[in-house]
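Shown next, in structure tokens, is the structure this report addresses.
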Amino acid sequence: MKGLKIMKAKKGDIPRISYLHKTFIPTGFLSSLGRKFLYLLYKNLYFYKGAILLVAQYEGNVIGFISGVKDINKFFKYFYKKNILKIIPILFLRVFRFKVLKGVIELVFYPRKHFLCDLPRSELLGIVVEKKYHGKGVATKLMNQLKKEFKRMKCKKFKVVVGSRLKQAILFYEKSGFKRIGQIQIHKGIMSYIFVNENR
Ligand SMILES: CC(C)(COP(=O)(O)OP(=O)(O)OC[C@H]1O[C@@H](n2cnc3c(N)ncnc32)[C@H](O)[C@@H]1OP(=O)(O)O)[C@@H](O)C(=O)NCCC(=O)NCCS
1260 MKGLKIMKAK
1270 KGDIPRISYL
1280 HKTFIPTGFL
1290 SSLGRKFLYL
1300 LYKNLYFYKG
1310 AILLVAQYEG
1320 NVIGFISGVK
1330 DINKFFKYFY
1340 KKNILKIIPI
1350 LFLRVFRFKV
1360 LKGVIELVFY
1370 PRKHFLCDLP
1380 RSELLGIVVE
1390 KKYHGKGVAT
1400 KLMNQLKKEF
1410 KRMKCKKFKV
1420 VVGSRLKQAI
1430 LFYEKSGFKR
1440 IGQIQIHKGI
1450 MSYIFVNENR
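If you want this note's numbering, it's the 1-based position in the sequence shown plus 1259.
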């Protein structure tokens, strides 16, 4: 795609990134927490120094993004501590559904689950490309840039946890050199696969 640019996200891109996440990963747990929650998450990723937030820009519009963190445990600790007073009102209406509260707790603590401790702490958190641009190599370009940024941070390996129903994403990770090394139920009844990329 001529004219496609991969660049660091700007603060003004955060609403668009949250929109892309909610629209193109609609079945994900994070999307179920709503746009405000996603906005807060991406705002924190934007400011957090151990995070990478890149966008794909085409004809002046953000058509995709990728995000990753150097250490998922540290990031969630920071996010939770710094935003607890914001998270509570955002989730207030939803949290009365016990399932949602449980889901948030599981999300915050899942990196500590026993066998995950042996896995790389660097993690790709999400990648999305707007549907009309699928199959044109946009995600591949985002991924290549993420790998470079991880290398700069001296991360030799990174993982991604992907819902077993996200077939396109699974094919994409396999094509991008990830190896499936296990599966996990972060949220009861929803199976996710763990993929690892050796970033050499
Ligand atoms: C996964 C996603 C980011 C891929 O974006 P994309 O820009 O279309 O991907 P690319 O064009 O770079 O594709 C690279 C390779 O991935 C594989 N792939 C991607 N989409 C595929 C599909 N629908 N069917 C089969 N293979 C696919 C192919 O091997 C492709 O290489 P090829 O075109 O040479 O065959 C995109 O489908 C998307 O945004 N999905 C919804 C959001 C999502 O599920 N994100 C992951 C959550 S963690």
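Idealized CB from N, CA, C, for every residue including glycine.
Computed from a predicted structure; not experimentally measured.
For the beta strand (DSSP E) holding residue i, just list the boundary residues, first then last.
i     : result
I1449 : I1449 to E1457
M1266 : K1264 to K1267
F1417 : K1416 to G1422
I'd like to confirm the pairing. Which residues does DSSP put opposite residue i in its beta bridges?
i     : result
G1385 : S1326
G1271 : Looking at the DSSP assignment, G1271 forms no beta bridge with any residue, so it has no partner.
R1439 : F1454
In terms of residues, what are the limits of the alpha helix (DSSP H) holding residue i?
i     : result
L1292 : Where L1292 is concerned, there is no enclosing alpha helix (DSSP H), given that its DSSP letter is neither H nor E.
T1543 : In the structure displayed, the chain extends from 1260 to 1459; residue 1543 sits before or after that span and is not available.
Y1392 : Taken as a continuous stretch (DSSP letters only), Y1392 belongs to no alpha helix (DSSP H), as it is neither H nor E.
K1261 : Counting along the chain, K1261 falls outside any alpha helix (DSSP H), and DSSP gives it neither H nor E.
I1429 : K1426 to K1434
On a Cα-Cα basis, can you pick out the residue from the options that is closest to residue i?
i     : options                       : result
K1264 : N1332, L1300 and G1396        : G1396
F1409 : Y1278, K1308 and N1303        : K1308
R1275 : P1379, V1387 and G1422        : V1387
N1250 : L1299, I1449 and E1433        : This structure leaves residue 1250 out entirely; the chain is present only between 1260 and 1459.
Q1427 : I1284, F1338 and V1314        : I1284
G1436 : R1424, Q1442, E1389 and V1419 : V1419
K1415 : I1325, A1398, I1343 and E1382 : E1382
Does ligand 1 have a heavy atom nearer than 7 Å to the CB of residue i?
i     : result
I1453 : no
L1425 : yes
T1399 : yes
L1386 : The sequence as given places Ile at residue 1386; Leu does not occur at that position. True, at least one ligand heavy atom lies under 7 Å from that Cβ.
V1419 : yes
F1283 : yes
So within the region 1303–1361, which uninterrupted alpha helix (DSSP H) runs reach at least 4 residues, ignoring any that extend past its ends? 1331–1354
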